[in-house]
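Numbering (UniProt numbering), first residue to last: 1 to 295. We put the CB at the ideal spot given by N, CA and C, even for glycine.
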């Protein structure tokens with residue numbers, strides 16, 4: 001048997017699965033006899049953004065982290081299909097092939113929205129769920145009242161513009177890393193470099209570009225209504241931990257009323273943390289996550 005000390009230094013292994021004709025990637029941190037914990041990243045991110053959390057929890061959990069379609073080392077959708085339903089179906093396929101459930105899940109941002117919808121559709125398959133700023137637009141924020149025809153015209157114009165958008169190229173890893181630090185000023189130099197190295201691919205001319213497909217910026221216009229979404233949240237039977245960064249753009253879900261739509265919800269807001277609280281306040285977050293999962 002491999003010694004624990006040696007395991008600690010090993011990273012995850014990459015695996016492929018097929019969902020809706022796309023070859024998608026996930027990383028597996030081993031310990032397959034332990035309970036399954038699925039960590040789902042946010043938009044324009046990748047599975048390796050969970051490495052610090054996974055290393056801390058890998059000895060108690062079997063951790064897998066998918067690259068969402070169009071992200072990381074997963075395939076891009078040929079027709080740019082990145083509506084929420086596709087993401088949820090991909091997650092359902094991965095879990096179907098990996099576990100009989102119930103499982104525990106953590107989702108950040110877009111990943112939080114995906115895991116919440118999965119738990120609402122399959123409440124019997126989820127035992128614990130931590131959703132990190134994955135609730136979407138707060139009821140206190142302005143919502144579009146555009147006529148539906150106008151919404152669809154804007155969406156078509158957006159797609160047409162994306163078809164002409166070229167992936168930005170960075171001459172060096174250091175240049176891409178500087179862009180990463182602009183996005184989240186809470187990151188340490190080590191964190192930013194790690195996220196950048198796993199988040200870029202090298203172009204034929206030697207430059208670097210982000211791995212995600214630019215079409216992930218565009219979802220379908222419309223979708224479920226607020227009432228339908230709240231009804232879905234209320235079907236979730238497991239404990240839900242709603243995580244918030246006090247310095248983030250997102251609103252506190254305990255203060256704007258959204259936490260009340262869940263049967264069992266607790267809320268934690270981290271001072272000194274932005275949208276990526278698992279990076280910005282790692283020690284506090286991972287300690288609280290362990291307590292939530294073990295309770």
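The beta carbon of residue 63 sits closer than 7 Å to the beta carbons of 29, 37, 39, 54, 57 from its chain, once the five residues preceding and following it are set aside; these are given in chain order. For residue 98, the uninterrupted alpha helix (DSSP H) run begins and ends at 84 to 98, by DSSP.
Rounded to whole angstroms, the Cβ separation of residue 260 and residue 133 is 17 Å, and the two are not in contact under 8 Å. According to the DSSP assignment, residue 180 belongs to the alpha helix (DSSP H) that extends over 173 to 183. Rounded to whole angstroms, the gap between the alpha carbons of residue 201 and residue 213 is 12 Å. If you draw a straight line from the Cα of residue 148 to the Cα of residue 155, it comes to about 11 Å.
Judged by DSSP in its simplified three-state form, residue 282 adopts helix. In the structure shown, residue 166 adopts coil according to DSSP, grouped into three states. DSSP places residue 114 in the helix class (H, G or I) of the three-state scheme. Counted as a single uninterrupted DSSP element, the beta strand (DSSP E) harbouring residue 28 occupies residues 22 to 28. Taking residue 46 as reference, the option from 60, 73, 145, 21 with the minimal CA-CA separation is 73.
Between residue 91 and residue 258 the beta-carbon gap is near 22 Å, outside 8 Å, which marks them as no contact. Under a 10 Å Cβ-count criterion, residue 119 is classified as buried, with 16 or more other Cβ atoms of the shown protein chains found around its own Cβ. Between residue 107 and residue 159 the beta-carbon gap is near 26 Å, outside 8 Å, which marks them as no contact. In the displayed model, residue 41 falls within coil according to three-state DSSP, outside both helix and strand. DSSP, reduced to helix, strand and coil, places residue 197 within a helical segment of the structure shown. Here residue 191 is buried, its C-beta having at least 16 other C-beta atoms within 10 Å.
Nearest to residue 26 by alpha-carbon distance, out of 130, 98, 281, is 98. Sequence-distant partners of residue 44 (beyond 5 residues in either direction) whose C-beta falls short of 6 Å from its own C-beta, in its chain, are 212. Taking the Cα of residue 175 as reference, the smallest distance to any Cα among 193, 187, 184, 185 is reached at 193. With respect to residue 70, residue 76 sits close: the two C-beta atoms are nearer than 8 Å. In this structure, the straight-line span from the alpha carbon of residue 142 to that of residue 60 is close to 43 Å. Comparing alpha carbon positions, the residue from 218, 246, 262, 222 closest to residue 235 is 262.
In the three-state reduction of the DSSP assignment, residue 128 falls in the strand class, which pools E and B. With 16 or more neighbouring CB atoms inside 10 Å of its own CB, residue 88 falls in the buried class.
Residue 10 carries a coil assignment under DSSP once its states are collapsed to helix, strand and coil. In the DSSP annotation of this structure, residue 240 is not part of any alpha helix (DSSP H); the continuous beta strand (DSSP E) holding it starts and ends at 240 to 245. By the neighbour-count criterion, in which a residue is buried when 16 or more other Cβ atoms sit within 10 angstroms of its Cβ, residue 115 is buried. The beta carbon of residue 237 sits closer than 6 Å to those of 123, all from its chain and outside the five residues before and after it, given in chain order. Approximately 20 Å separates the beta-carbon atoms of residue 265 and residue 286; this is outside 8 Å, ruling out the contact.
Rounded to whole angstroms, the separation of the alpha carbons of residue 127 and residue 289 is 14 Å. For residue 53, the uninterrupted alpha helix (DSSP H) run begins and ends at 51 to 57, by DSSP.
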